[in-house]
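Chemist: Protein chains in written order, with my numbering: chain P, 2 to 338; chain F, 950 to 1206.
1) Buried or exposed, going by whether 16 or more other CB atoms sit within 10 Å of the CB of residue 1111 of chain F?
2) Secondary structure at residue 960 of chain F, three-state DSSP: helix, strand or coil?
3) Against chain F, which members of the segment 264-291 of chain P pass a CB distance test of less than 7 Å?
4) In the DSSP assignment, the beta strand (DSSP E) including residue 1038 of chain F goes from what residue to what residue?
5) Expressed to the nearest angstrom, what Euclidean distance is found between the alpha-carbon atoms of residue 124 of chain P and residue 278 of chain P?
6) Keeping to the same chain, check which residues put their C-beta closer than 6 Å to that of residue 253 of chain P; ignore five residues upstream and five downstream.
7) Can you confirm whether residue 1030 of chain F, when its beta carbon is compared against all beta carbons of chain P, has any partner nearer than 7 Å?
8) Do residue 244 of chain P and residue 97 of chain P count as a contact pair if the criterion is CB distance below 7 Å?
9) How is the alpha helix (DSSP H) around residue 128 of chain P delimited, first residue to last?
10) Rounding to the nearest angstrom, what Cα-Cα distance links residue 162 of chain P and residue 168 of chain P in this structure?
11) Within its chain, find whatever has a CB closer than 8 Å to the CB of residue 992 of chain F; leave out the 5 residues flanking it on each side and keep chain order.
12) Around the Cβ of residue 1082 of chain F, are there at least 16 other Cβ atoms within 10 angstroms (buried) or fewer (exposed)?
13) Cα separation between residue 141 of chain P and residue 1026 of chain F?
14) Taking 6 Å as the limit between beta carbons, can you name the residues of its chain near residue 1178 of chain F, skipping five residues before and five after?
15) Using a Cβ-Cβ distance under 7 Å, would residue 962 of chain F count as near chain P?
16) Which residue wins for smallest C-alpha separation from residue 1106 of chain F, given the options F:1122, F:1137, F:1116?
17) Specify, as a first and last residue, the run of the beta strand (DSSP E) that residue 1072 of chain F falls within.
18) Output the residue ranges of the alpha helix (DSSP H) runs that lie fully inside the segment 268-315 of chain P and measure 4 residues or longer, sorted by chain position.
19) Quickly, what does DSSP pair residue 1066 of chain F with across the bridge? List them, please.
20) Determine the chain F residues that contact residue 132 of chain P at a beta-carbon separation under 7 Å, and present them in chain order.
21) Identify each residue in the segment 226-250 of chain P for which the Cβ-Cβ distance to at least one residue of chain F is less than 8 Å, and report them in chain order.
22) Check whether the segment 959-967 of chain F touches the segment 994-1010 of chain F, counting contact only when three or more Cβ pairs, one atom from each stretch, lie closer than 8 Å.
23) By alpha-carbon positions, which one of F:972, F:983, F:1085, F:1050 ends up nearest to residue 1116 of chain F?
24) Using a Cβ cut-off of 7 Å, pull out every chain P residue sitting near residue 992 of chain F, in sequence order please.
25) Can you list, in chain order, the stretches of the alpha helix (DSSP H) that have 4 or more residues and sit fully within the segment 185-260 of chain P?
26) Only counting the same chain, and skipping five residues up and downstream in sequence, which positions put a Cβ closer than 6 Å to that of residue 184 of chain P?
27) Going along chain P, which residues have a C-beta under 8 Å from residue 1047 of chain F?
28) Does the segment 107-117 of chain P come into contact with the segment 219-230 of chain P, if we say contact requires no fewer than three beta-carbon pairs (one atom in each stretch) closer than 8 Å?
29) Residues of the segment 199-217 of chain P with a CB closer than 7 Å to any CB of chain F: list them in chain order, please.
30) Who are the neighbours of residue 1071 of chain F on chain P, taking C-beta pairs under 7 Å?
31) What number of angstroms, rounded off, separates the C-alpha of residue 1207 of chain F from the C-alpha of residue 1080 of chain F?
32) Once DSSP output is grouped into helix, strand and coil, what is the label at residue 982 of chain F?
33) Where does residue 286 of chain P land, buried or exposed, given buried means 16+ other C-beta within 10 angstroms?
34) Are residue 303 of chain P and residue 70 of chain P touching if we call contact CB-CB under 7 Å?
35) Alpha helix (DSSP H) containing residue 1111 of chain F: first to last residue?
36) Can you tell me where the beta strand (DSSP E) holding residue 1184 of chain F begins and where it ends?
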């Protein structure tokens, strides 16, 4: 491997060590598997938009339909931020959708008891945080398989939600919440803006902070990271807590959309969050990934469902389409390794 | 880099170290020294206690009895972090680097340079990249970009990065467990060059190796271990491969010290 001799440039290299040429850099980028892992989902999104636009030229790309997609994508897009962090540590959170239900029901119980809205929101988020932390502590402290622990939490959260709510939905009639759910900036609903803000925060935390680096190091090689001084247990607990918090926030957005706190679990939310993370180029083996990719993945999945509905494809085919897309993208990302 | 004490001063002294794992006596009262500006090799057959000894010096394991002195001061390490804080760095054979992180991220892992005020503190990437470049240059390690991920590096390049990481901080002692075990001939030569540079900078380097030629080439001091004891301490200049083999296998009747 040929290397530039940096000795010659002496002290000057402190100021400007880079770069050879733009073309060379571009070539390097295009050859990097990391580039493809990160960008596959964006290309897929563009291709999907073109296909659905061709299928339904009059209805798909209307501002009304774009708003509909973005509204429907908000809850999965929020959940996926937490799931992305978990998967980056080589873990998985199967309980996030059930925790959404638990948080929602807690919100509903507080609301029914006449508590102020802000307190209801706080309770939903704290309940999510608590459930996530329990996951994290059991996984990190007792070294139990993440699959088993979060599967247990799935059932536990669902059960507690049924007990709290007595298996009945609570209507949440709140003017400010309803206004929030309906509000838009242009075609972008407020609730999607909440998701975007969380994604931006997540991406900054991941790429610009010590915590983010340590999360990736923990996922990349937990034992080595430990030997290098990373507090891997704390990192694992933190990512599950983050996932719990995003589930709590997602529950508030969900309630604002449907105007009720329902004890029924939305299984497709769980599948969606895992699928979006894989689509977004996060390695299921941990150590690699970002937050923006999974976010685009969540939008893509919602858009595919919407596009099929708009194109008049019967509902059952939508599941088939999503399944195929997830598998194909997983293969693409895997070969790029 | 802190100013190292004069070459030849005793950097590390392990005194009468005993370590038992249940009924297995791993170390039965082992004493060695390692001097600044020298490479000290520890050799011996599998199970002789070499790895246990360096794990104790590196703070990974705790001795049942005995003491360790660092530049004449008694020290006691309860963790690798404590040993590292005292200036003892270890390059492990397998626990090297995080493959999916870049070179500079590996060099600065858990020692990140930050800007801003808590809780809003961000990575100072520019500074870390420049410093990473300097750390590699200082040891004459040729790697095109510190932004490259470790996954794409060859075995020799990885070992060079791991050694740079160990040497790049105000460390006084660098311990290496079989630093060239997995490397080819050319890469081994590169790593040996690196070891020489560490030595020239006044660090005390402790190496475990099975390769007698390498031990004779690299080191000033050699400690031979057998069955949990140090049976000989030799100056590399005064010995040869035959004698080392004889000592390790027990063919030599009279242990020297």
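Don't be surprised by glycine CBs; every beta carbon is placed ideally from N, CA and C.
Modeler: In terms of the structure at hand:
1) Of the residues assessed, residue 1111 of chain F falls on the buried side of the cut-off, its CB having 16 or more other CB atoms within 10 angstroms.
2) Strand.
3) Contacts with chain F (Cβ-Cβ distance below 7 Å) from the segment 264-291 of chain P involve 288, 289, listed in chain order.
4) Element bounds for residue 1038 of chain F: 1037-1040.
5) CA-to-CA, the gap between residue 124 of chain P and residue 278 of chain P works out to about 27 Å.
6) Taken in chain order, the residues that qualify are 122, 125.
7) Among the residues facing chain P, residue 1030 of chain F is included, as its CB has a counterpart in that chain under 7 Å away.
8) Taking the C-beta atoms as reference points, residue 244 of chain P is found nearer than 7 Å to residue 97 of chain P.
9) Run containing residue 128 of chain P: 118-142, per the alpha helix (DSSP H) assignment.
10) Their backbone Cα atoms lie some 8 Å apart in a straight line.
11) Within the same chain, 999, 1157, 1158, 1159, 1161, 1164, 1171, 1172, 1173, 1174, 1193, 1197 come within 8 Å of residue 992 of chain F by CB-CB distance, once the 5 residues on both sides are set aside.
12) Per the 10 Å Cβ criterion, buried.
13) Distance between the alpha carbons of residue 141 of chain P and residue 1026 of chain F: 25 Å.
14) Excluding residues within five positions, the ones whose Cβ falls inside 6 Å are 977.
15) Residue contact check for residue 962 of chain F against chain P: no CB pair falls below 7 Å.
16) Per the C-alpha coordinates, the member of F:1122, F:1137, F:1116 positioned closest to residue 1106 of chain F is F:1137.
17) Its beta strand (DSSP E) spans residues 1069-1072.
18) As far as the segment 268-315 of chain P is concerned, its whole alpha helix (DSSP H) runs of at least 4 residues are 268-280, 293-311.
19) Residue 1066 of chain F has F:1069 as its beta-bridge partners, per DSSP.
20) Result: empty, since nearest Cβ-Cβ is about 24 Å, beyond 7 Å.
21) Going along the segment 226-250 of chain P in chain order, one finds 226, 228, 229, 230, 231 with a Cβ nearer than 8 Å to chain F.
22) Yes, since at least three Cβ pairs between the segment 959-967 of chain F and the segment 994-1010 of chain F fall closer than 8 Å, the two stretches touch.
23) Residue F:1085 is the option with its Cα nearest to residue 1116 of chain F.
24) Identification of chain P residues near residue 992 of chain F by a Cβ-Cβ cut-off of 7 Å yields none; the smallest Cβ-Cβ distance measures about 24 Å.
25) 191-209, 211-221, 223-228, 233-259, all fully within the segment 185-260 of chain P.
26) Excluding sequence neighbours, residue 184 of chain P sits near 191.
27) The answer, in chain order, is 217, 218, 221, 222, 225, 226, 229, 288.
28) Touching, no.
29) Answer in chain order: 209, 210, 211, 214, 217.
30) Within chain P, the residues near residue 1071 of chain F are 209, 210.
31) Nothing can be reported for residue 1207 of chain F, as the shown portion of chain F is limited to 950 through 1206.
32) Here residue 982 of chain F sits in strand by DSSP.
33) That one is exposed.
34) With respect to the 7 Å criterion, residue 303 of chain P and residue 70 of chain P are classified as neighbours on the basis of their beta carbons.
35) Counting along the chain, the alpha helix (DSSP H) containing residue 1111 of chain F begins and ends at 1104-1116.
36) Unbroken beta strand (DSSP E) run through residue 1184 of chain F: 1178-1184.
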